[in-house]
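Trainee: Quick one: the structure is below, and I'll ask about it shortly.
In the numbering used here, the protein residues as written are 16 to 150.
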């Protein structure tokens with residue numbers, strides 16, 4: 016069982032920003048920028064780490080959910096765009112990175128990661144969650 020499945024099941028705490036019956040979105044604990052969010056499908060066993068192994072229905076559900084989260088993320092952060100990346104090599108569970116961007120430099124993966132206090136992470140998650148709910 017991956018760390019993301021344990022987060023989805025509530026075994027590991029997360030800063031949740033949105034959830035539906037098939038998908039879950041939460042803040043990256045080592046973000047590139049404030050608001051960096053991960054969107055994951057709630058997968059049955061076996062878990063998949065490659066987005067193109069998802070069924071068409073799962074992929075469609077994940078991407079439409081990510082679109083809704085991205086709109087809320089943009090509204091909450093005031094960024095110019097929300098960048099999207101699917102890498103899938105750091106955790107063996109399909110996941111989409113949504114990164115608030117004001118320049119392309121915001122998505123350089125070798126940039127130092129932020130370390131934000133729990134109170135700030137909770138505030139950011141709540142702000143995004145409220146904006147997603149309005150979508």
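For glycine and all other residues, C-beta sits at the position ideal for the given N, C-alpha and C.
#1: Report the CB separation of residue 52 from residue 123 in whole angstroms; it is logged as a contact under 8 angstroms.
#2: Quick test of your reading: residue 49 and residue 150, contact by CB under 8 angstroms. State the CB separation rounded to the nearest angstrom.
#3: Pull up the distance between the alpha-carbon of residue 22 and that of residue 43, whole angstroms please.
#4: In chain order, what residues of the same chain lie with their CB nearer than 8 angstroms to the CB of residue 65, ignoring the 5 residues before and after it?
#5: Specify the secondary structure class of residue 26 as computed by DSSP and reduced to three states.
#6: Is it the case that the CB of residue 145 approaches a heavy atom of the ligand SAH more closely than 6 angstroms?
#7: So, are the CB atoms of residue 73 and residue 46 less than 7 angstroms apart?
#8: So what does DSSP say about residue 53, is it helix, strand or coil?
#9: In angstroms, rounded to a whole number, what distance separates the CA positions of residue 137 and residue 38?
#10: Per DSSP, what are the beta-bridge partners of residue 113 in this structure?
#11: Between the Cα of residue 27 and those of 71, 147, 41, 36, spot the shortest distance and give me the residue it belongs to.
Mentor: Here's the rundown:
#1: Reading the chain shown from its first residue, position 37 is the one you call residue 52. Reading the chain shown from its first residue, position 108 is the one you call residue 123. The C-beta distance from residue 52 to residue 123 rounds to 18 angstroms, too long to fall under 8 angstroms, and the pair is not in contact.
#2: Here residue 49 is taken as the residue at index 34 of the chain shown, counted from 1. Here residue 150 is taken as the residue at index 135 of the chain shown, counted from 1. Not confirmed; about 20 angstroms, so no contact.
#3: As a position in the chain shown, residue 22 is number 7, starting the count at 1. As a position in the chain shown, residue 43 is number 28, starting the count at 1. Roughly 12 angstroms between the two C-alpha positions.
#4: Reading the chain shown from its first residue, position 50 is the one you call residue 65. Cβ neighbours of residue 65 within its own chain (closer than 8 angstroms, five residues either side excluded): 103, 109.
#5: As a position in the chain shown, residue 26 is number 11, starting the count at 1. In the three-state DSSP reduction, residue 26 falls in the coil class, being neither helix nor strand.
#6: Absence of the ligand SAH is noted for the structure shown, with no ligands found whatsoever.
#7: Sequence index remark: in the chain shown, residue 73 carries index 58 (1-based). Sequence index remark: in the chain shown, residue 46 carries index 31 (1-based). Contact flag unset, no.
#8: Position 38 of the chain shown, counted from the first residue, corresponds to residue 53. Strand, per DSSP.
#9: Numbered from 1 along the chain shown, position 122 holds the residue referred to as residue 137. Numbered from 1 along the chain shown, position 23 holds the residue referred to as residue 38. Approximately 20 angstroms between the Cα atoms of the pair.
#10: Taking the chain shown and counting its residues from 1, the one referred to as residue 113 is at position 98. Among the bridge pairs identified by DSSP, residue 113 is matched with 52, 99.
#11: In the chain shown, residue 27 corresponds to position 12, counting from 1. The candidate whose alpha carbon is nearest that of residue 27 is 41.
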